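J.: Protein chains in written order, with our numbering: chain A, 74 to 510; chain B, 1040 to 1142.
Glycine included, C-beta positions come from ideal geometry on N, C-alpha and C.
If you're wondering where the values come from, they're calculated on a predicted model, not measured in any experiment.
Pasting a structure here, questions to come.
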Amino acid sequence: MAFNTEKISTDMAKIAGNRYLTAIRDGMAVIIPVAVVGSFFTIATQLPIDSWKAFIKPYVAALGLPITFSIGLMALYSCYAIASSLAQTYKLDRNSSATVAVMVFLLLVIKPGAITAAISKKTGIAVGTVFPTQNLGAYGLFTAMLAAIVSVEVIHFFKARNLVIRMPKGVPASVSNSFMALVPAAVLIVAAWAVKEGLHFDVNAGLLTLLSPLAHFGKDNFLSVITPIFFNSLFWLFGVHGAVSSTPVYPYWYKNLYANMDAVTHGATAATVPHFMTEQFFQFFVYIGGSGAILALCILLAFASKSSMGRTLGKVVIIPSIFNINEPIIFGLPIVLNPYFAAPFILAPIADGIITWLAMISHLVNKTIALVPWTLPAPIGAYMATGFDWRAIILTLVNIAVAMVIYYPFFKAWDRRQLATEQAAAAADAQTGAAEA
Amino acid sequence: MRILLSCSGGMSSSLIAEALSDEAKKRSVDLAVDATGSESVADDLDEKQYDAVLLAPQTVYRKDAIKAEADSHHIPFLMIPRLMYSPLQAGKLLDLVNEKLGK
């Protein structure tokens, strides 16, 4: 066969294992805890109890504060974490590398303003320097990634060529590490400053223009619904963790989510916020039970199998899958490189994506306004992420049912063959048993 | 023997780690298994003494980096074969661990 699956599998692992992609993925993961906690402040305003809504109304703006400082500053946190994780791969000092990267990032994206005495009197804001925050959020993520990668690469370059100040032995490691970063830091900071103040070049705007083709996948349209699902399933089918394939689009998903959260603090509800295209859209409405909308298949295995392997495996994999952990079925059945399940593993989540897309654009279900932990069972996660919309629960159940219908014929074919194998094995055992007796 | 089992986020590996420990207990083999995410492997190895590092098949994209970590701590590294990464295959996985890491 001309189609070498092992080779494709290795190539995909190579793409996913790219040093920068992995650092970006690990780095962006650090904002999840703060973003989840920040999100609770958004959904707190949306509890479906009228007396609570009336009570909370005066505090809606104040409740926005933790959101501003969590997901609203995500580029800042990510820059530090990406640089730190990349520095680790080069065995560089993580703290000093990440600190330099953050300074380079801030230099590139922030144009400080000033509050004069006159303005202070009018607004009540203390006199001093102020920083606009837009570029510190999802809007500045690409520059955060660039600053982190370039900074660590430059430090690595200098260290590899020994162009650093080394302290004599006996100086504490933390002191000598910070001196190690001194020369590359000077070069980086002067360069960033020259780009910003000398050339007057807006790196963030430049990057956003350069990457604008990617932005299409962050927009609220049909293509951005099906493309990430397709690639996610494809990666898993070759045995590689699928989430990596969406890394380049994450900044746009976060930007949309933050826009939704921000709209809520300004009085919108989950029904009226602007964007449906967020990570949560996929997490709770499409990847139900894990990639491939696989919970549907787990249910079929556990309750509709005639083969004993199907029943046994189904009972083992269904519980992790309820909490969206899909590796046990993906490698246990397996799904990986299994011709029986390749088609439904791609088609079922795409069908769920299309249904959810239709439901959201026709305002049948609220859009997502919060980042809630991905291990929540889909109906609960969807209910919370949509600001407590009970229709979201119905939608997840419909999506599970649709996925079951799509998996069913393939499951049936697999189960029949499995049963035949088991019966043949049992017959063979009986025969040898009879012969021995 | 204490082994570190890494997947991408430390979620699925904890299920496999549990199944593997249960299997070891059944055979009264002395084996402790800790689950972790691939980005914490370096820290985990610095913190505790492990006898081997196992990596989940879907995290194959981190193979080189994790193997390098194991090498730098002078302990064996083992990529778990796809068909053994399932709670039902813990017996086979334990056989493989015993065979590869030698008792």
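1. Tell me which residues share the same chain as I398 (chain A) and place their Cβ nearer than 8 angstroms to its Cβ, disregarding the 5 neighbours each side in the sequence.
2. Hey, would you say T342 (chain A) sits closer than 8 angstroms to Q119 (chain A), going by beta carbons?
3. According to the neighbour-count rule (16 or more other Cβ atoms, all chains shown, within 10 Å of its Cβ), is I228 (chain A) buried or exposed?
4. Once DSSP output is grouped into helix, strand and coil, what is the label at S1047 (chain B)?
5. Rounded to the nearest angstrom, what separates V346 (chain A) and D462 (chain A) at their Cα positions?
6. Could you work out which residues of chain B lie near H314 (chain A), taking near to mean beta carbons separated by less than 8 angstroms?
7. Can you pull the chain B neighbours of I144 (chain A), defined as C-beta to C-beta under 8 angstroms?
8. Less than 8 angstroms between the C-beta atoms of P482 (chain A) and I302 (chain A), yes or no?
9. Where does R490 (chain A) sit, in a helix, a strand or coil, going by DSSP?
10. Give the range of the beta strand (DSSP E) segment to which I188 (chain A) is assigned.
11. With 8 angstroms set as the bound, which would you pick, yes or no: does the beta-carbon of A1104 (chain B) sit closer than that to a beta-carbon of chain A?
12. Can you pull the chain A neighbours of A1081 (chain B), defined as C-beta to C-beta under 7 angstroms?
13. Counting beta carbon pairs with one atom in the segment 82-92 of chain A and one in the segment 308-318 of chain A, are three or more of them shorter than 8 angstroms?
14. Assuming V173 (chain A) and A246 (chain A) make a contact with CB atoms under 8 angstroms, what is their CB distance in whole Å?
15. Establish whether the CB of S1060 (chain B) and some CB of chain A are separated by less than 8 angstroms.
16. Quick one: what's L1094 (chain B) bridged to in DSSP?
17. Return yes when the Cβ of L146 (chain A) is within less than 8 angstroms of the Cβ of L214 (chain A), no when it is not.
18. Is the CB-CB distance between L1084 (chain B) and I1119 (chain B) below 8 angstroms?
19. For D1073 (chain B), report the span of its beta strand (DSSP E) as first-last.
20. Of the choices A:V268, A:A316, A:K194, A:L330, whose alpha-carbon is the least far from that of K292 (chain A)?
21. If we cut at 8 angstroms on Cβ distances, does E1057 (chain B) have a partner in chain E?
22. Suppose you measure from the CA of D166 (chain A) to the CA of S249 (chain A); what does that come to, to the nearest Å?
23. Can you find the residues in the same chain that come closer than 7 angstroms, C-beta to C-beta, to A134 (chain A), ignoring five residues on each side of it along the sequence?
24. Where S1045 (chain B) and A316 (chain A) are concerned, what is the direct C-alpha to C-alpha distance, given to the nearest angstrom?
25. Taking F231 (chain A) and V256 (chain A) to be in contact with their CB atoms under 8 angstroms, please state how far apart those CB atoms are, rounded to whole angstroms.
26. Could you list which residues in chain B have their beta carbon closer than 7 angstroms to that of L386 (chain A), in chain order?
27. With a cut-off of 8 angstroms, does the C-beta of T95 (chain A) fall near any C-beta of chain B?
28. DSSP on L181 (chain A), reduced to helix/strand/coil?
29. Below 6 angstroms CB to CB, which residues in the same chain sit around Q353 (chain A) once its five sequence neighbours on both sides are set aside?
30. From G365 (chain A) to F304 (chain A), what distance separates their C-alpha atoms?
31. CA-CA distance, L1135 (chain B) and I81 (chain A)?
32. Classify M74 (chain A) as helix, strand or coil using the three-state DSSP reduction.
33. With DSSP run on the structure shown, which of helix, strand or coil describes T206 (chain A)?
T.: Straight from the coordinates:
1. Position 325 of the first sequence, counted from the start, is the residue given in the question as residue 398 (chain A). Taking I398 (chain A) as the centre and dropping the five residues before and after it, the same chain places the C-beta of G363, T448 closer than 8 angstroms to its C-beta, in chain order.
2. Translated into the one-based positions of the first sequence, residue 342 (chain A) becomes position 269. Translated into the one-based positions of the first sequence, residue 119 (chain A) becomes position 46. Their beta carbons are under 8 angstroms apart, which means T342 (chain A) touches Q119 (chain A) by this criterion.
3. Along the first sequence, one-based indexing puts residue 228 (chain A) at 155. It counts as buried.
4. For the purposes of this step, residue 1047 (chain B) is taken as the residue at position 8 of the second sequence. Correct three-state label for S1047 (chain B): coil.
5. Numbered from 1 along the first sequence, position 273 holds the residue referred to as residue 346 (chain A). Numbered from 1 along the first sequence, position 389 holds the residue referred to as residue 462 (chain A). If you take the alpha carbons of V346 (chain A) and D462 (chain A), they lie about 14 angstroms apart.
6. As a first step, residue 314 (chain A) is located in the first sequence; it is residue number 241 there, counting from the start. Within chain B, the residues near H314 (chain A) are S1047, Q1097, T1098, Y1100.
7. Mapped onto the first sequence, residue 144 (chain A) falls at position 71. Per Cβ cutoff of 8 angstroms: no residues; I144 (chain A) is ~20 angstroms from chain B at best.
8. Counting from one through the first sequence, the residue named residue 482 (chain A) turns up at place 409. Counting from one through the first sequence, the residue named residue 302 (chain A) turns up at place 229. Taking 8 angstroms as the Cβ cut-off, P482 (chain A) and I302 (chain A) do not qualify as a contacting pair.
9. As a position in the first sequence, residue 490 (chain A) is number 417, starting the count at 1. In the structure shown, R490 (chain A) sits in a helix (DSSP, three-state: H, G or I).
10. The residue labelled residue 188 (chain A) in the question sits at position 115 within the first sequence. 186-188 is the span of the beta strand (DSSP E), which, as asked, contains I188 (chain A).
11. Taking the second sequence and counting its residues from 1, one reaches residue 1104 (chain B) at position 65. Closer than 8 angstroms: yes.
12. As a first step, residue 1081 (chain B) must be located in the second sequence, where it is residue number 42. Going along chain A in sequence order, the residues near A1081 (chain B) (Cβ under 7 angstroms) are Q161.
13. Flag = yes, the segment 308-318 of chain A and the segment 82-92 of chain A touch.
14. What you label residue 173 (chain A) is simply residue 100 of the first sequence in a count that begins at 1. What you label residue 246 (chain A) is simply residue 173 of the first sequence in a count that begins at 1. Cβ-Cβ separation between V173 (chain A) and A246 (chain A): approximately 17 angstroms, too far for a contact (criterion under 8 angstroms).
15. Taking the second sequence and counting its residues from 1, the one referred to as residue 1060 (chain B) is at position 21. Taking 8 angstroms as the CB threshold, S1060 (chain B) stays off the interface with chain A.
16. Counted from its first residue, the second sequence places residue 1094 (chain B) at position 55. L1094 (chain B) is bridged by DSSP to B:S1045, B:M1118.
17. Here residue 214 (chain A) refers to the residue found at position 141 when the first sequence is read from its first residue. Here residue 146 (chain A) refers to the residue found at position 73 when the first sequence is read from its first residue. Not in contact: L214 (chain A) and L146 (chain A) (Cβ atoms no closer than 8 angstroms).
18. Along the second sequence, read from residue 1 onward, the residue named residue 1084 (chain B) stands at position 45. Along the second sequence, read from residue 1 onward, the residue named residue 1119 (chain B) stands at position 80. No.
19. Within the second sequence, residue 1073 (chain B) is the residue found at index 34, counting from 1. Counting along the chain, D1073 (chain B) sits inside the beta strand (DSSP E) bounded by residues 1071-1076.
20. Here residue 292 (chain A) corresponds to residue number 219 of the first sequence, with the count starting at 1. Measuring C-alpha to C-alpha distances from K292 (chain A) to each of A:V268, A:A316, A:K194, A:L330 identifies A:L330 as the nearest.
21. Structure shown: chain E not included; protein chains present are A and B.
22. Here residue 166 (chain A) corresponds to residue number 93 of the first sequence, with the count starting at 1. Here residue 249 (chain A) corresponds to residue number 176 of the first sequence, with the count starting at 1. When rounded, the distance between both Cα atoms is 10 angstroms.
23. Walking along the first sequence from the start, residue 134 (chain A) turns up at place 61. T338, listed in sequence order.
24. What you label residue 1045 (chain B) is simply residue 6 of the second sequence in a count that begins at 1. What you label residue 316 (chain A) is simply residue 243 of the first sequence in a count that begins at 1. Roughly 17 angstroms separates the two Cα atoms.
25. For the purposes of this step, residue 231 (chain A) is taken as the residue at position 158 of the first sequence. For the purposes of this step, residue 256 (chain A) is taken as the residue at position 183 of the first sequence. Going by Cβ atoms, the distance from F231 (chain A) to V256 (chain A) rounds to 6 angstroms, so yes, they are a contact pair.
26. Position 313 of the first sequence holds residue 386 (chain A). The contacting residues are L1127.
27. The count along the first sequence starts at 1 and reaches residue 95 (chain A) at position 22. With 8 angstroms as the cut-off, T95 (chain A) counts as an interface residue toward chain B.
28. In the first sequence, residue 181 (chain A) corresponds to position 108, counting from 1. Helix.
29. In the first sequence, the residue the question calls residue 353 (chain A) occupies position 280. Cβ neighbours of Q353 (chain A) beyond the five flanking positions: T441, A458.
30. Position 292 of the first sequence, counted from the first residue, corresponds to residue 365 (chain A). Position 231 of the first sequence, counted from the first residue, corresponds to residue 304 (chain A). Going by the C-alpha atoms only, they are around 11 angstroms apart.
31. In the second sequence, the residue the question calls residue 1135 (chain B) occupies position 96. In the first sequence, the residue the question calls residue 81 (chain A) occupies position 8. Distance from the CA of L1135 (chain B) to the CA of I81 (chain A), rounded to the nearest whole angstrom, comes to 26 angstroms.
32. Along the first sequence, read from residue 1 onward, the residue named residue 74 (chain A) stands at position 1. With a pLDDT of 44 at M74 (chain A), under the threshold of 50, the modelled position of this residue cannot be trusted; read the value that follows with caution. The DSSP-derived three-state label of M74 (chain A) is coil.
33. Along the first sequence, read from residue 1 onward, the residue named residue 206 (chain A) stands at position 133. Here T206 (chain A) sits in coil by DSSP.
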